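Okay, so here's the structure we're looking at.
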DNA sequence: CGTCTATTTGAATGTACTCAAAAGCGGTGG
DNA sequence: CCACCGCTTTTGAGTACATTCAAATAGACG
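Protein chains in written order, with the numbering used here: chain A, 934 to 1126; chain B, 934 to 1126.
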């Protein structure tokens, strides 16, 4: 149940078995059935979760009703709207399971207690947040490329995601309509063979 | 010299005068003349800086030679490529002064010492990084809007930036060409009057 | 099997781009 | 003070990428 999280944290910061045993109490197993939500847009996000198993999408619905997927989360990802959790404000995002999922969830106060109890965990969190921030900036940069280039990049970087996720979700992630993705795929397949 | 930083930090976390006195030693005044760089793409970023005065742009040059501005920084902003600083890897970004600037700069090791010496500062940093991350995600969402909508939003949200920054830089920030921004402005001005 | 959803295809439209050139603006030197 | 230069902004014309609306085909699930 918790080995995966231990393994995950120790890839970033050194953490002893006893420190980790302290940490475990702040995380609780939870399952999500396919299509269930962990949090919803316009509601306060109550949990920070680690993905033991499954696949989810974090998405935003804009004023015109269009969905934009911000990221897909699979095994070993963290999911939450941090701003919503920690500032107790409504979230701009929804998180939905695309497959049945096994999570380890933690509340705001538990997470904060975890920082207190295990300094290595606060350091871990600080480093992770920083990486998340810089990755997010990178994705801003990538948005200037054409959808076709972004799709090719996705093919190379995350082929596993492509196999797990329906195409219209990939389109939403790439910031285009399903029709456009279909056309791009057609163009690429005819170009290659 | 340091009052502004003290003021800035205490807006986020409580910090005593004596804690702040400890912190000061890790930050050094530095000026940048207009057009000078603090760090450059493909080089390791050596400093984290707080802007006491001035205006800068953080930008990326892509494979086609096109510039994309990620953010403008003015008074009370932090500037750095955190991933580059802390992981000692080449930066994807360059930081250039758009006006003569007064900064307070800190190196990687000084910054890390500051975390050790003043726990409130680590907490401050963690919260700030988190906000930066969530803001960056918001900007990903906003990228799906048309350039016109983003320009109008910028007008409302940061009119001060518009007054300080040449138009072609605003275009680069919005992810469009200067010609397109000019056309958008023309359209808006005729629509309004 | 039938229904519901996802994907593909077609045709017309719109937003921003490219290339090109003109007009505006700011600073420098004669 | 004016002339000139370099850089920014504007304008024009044609183009590319992705969109919309619409419909057909394909797949998934009960």
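Here a beta-carbon is modelled for each residue, glycine too, at the ideal position from N, C-alpha and C. Only a predicted model underlies this, so the values are computations on that prediction, with no experimental measurement involved.
Same chain, Cβ closer than 7 Å to residue 1004 of chain B, neighbours up to 5 away in sequence not counted: Setting aside the 5 residues that flank it on each side, residue 1004 of chain B is surrounded in the same chain by 991, each with a C-beta closer than 7 Å to its C-beta; the list follows chain order.
Residues in the region 1064 to 1092 of chain A having any Cβ partner in chain B nearer than 8 Å: Along the region 1064 to 1092 of chain A, going in chain order, the ones with a CB nearer than 8 Å to a CB of chain B are 1064, 1065, 1066, 1067, 1069, 1070, 1071, 1072, 1073, 1074, 1076, 1077 and 1078.
8 Å Cβ cutoff met for residue 989 of chain A and residue 1029 of chain A: Contact: yes.
Alpha-carbon to alpha-carbon, residue 1121 of chain B and residue 1113 of chain B: Using only the alpha carbons, I get a separation of about 12 Å.
Residue from B/1011, B/1027, B/1057 and B/986 whose Cα sits closest to the Cα of residue 952 of chain B: Closest by alpha carbon: B/1057.
For residue 1062 of chain A and residue 1066 of chain B, believed in contact at Cβ under 8 Å, the rounded distance: Here residue 1066 of chain B really is in contact with residue 1062 of chain A; their C-beta atoms are around 6 Å apart, less than 8 Å.
Residues sharing a beta bridge with residue 1005 of chain B, DSSP: Answer is B/990, bridged to residue 1005 of chain B.
Of the listed residues B/1048, B/1115 and B/1036, nearest to residue 967 of chain B (C-alpha basis): When only C-alpha atoms are compared, the closest one is B/1036.
Cα-Cα separation, residue 1092 of chain B to residue 1123 of chain B: Note on geometry: alpha-carbon atoms of residue 1092 of chain B and residue 1123 of chain B lie some 20 Å from one another.
Simplified DSSP state of residue 964 of chain B, which is helix, strand or coil: Assignment of residue 964 of chain B by DSSP, reduced to helix, strand and coil, places it in the strand class.
Cβ-Cβ distance between residue 1024 of chain B and residue 977 of chain B below 8 Å: It is a contact, given that the beta carbons lie within the stated cut-off.
Proximity of residue 1100 of chain B and residue 1027 of chain B at Cβ, strictly below 8 Å: Taking a C-beta distance under 8 Å as the contact criterion, residue 1100 of chain B and residue 1027 of chain B do not qualify as a contact pair.
Among B/961, B/1064 and B/1001, nearest to residue 1111 of chain B - alpha-carbon criterion: Among B/961, B/1064 and B/1001, the Cα nearest to that of residue 1111 of chain B is on B/1001.
CB contact check: residue 1114 of chain B to chain A, cutoff 8 Å: Cβ-Cβ to chain A under 8 Å: no for residue 1114 of chain B.
Below-8 Å beta-carbon distance, residue 913 of chain B vs any chain A residue: In this structure chain B extends from 934 to 1126, so residue 913 of chain B is not present and cannot be described.
Rounded distance between the beta-carbons of residue 1072 of chain B and residue 1073 of chain A, thought under 8 Å: The Cβ separation is near 6 Å, so the contact holds.
Proximity test, Cβ basis, 8 Å: residue 979 of chain B and chain A: For residue 979 of chain B, the nearest beta carbon of chain A is not closer than 8 Å to its own beta carbon.
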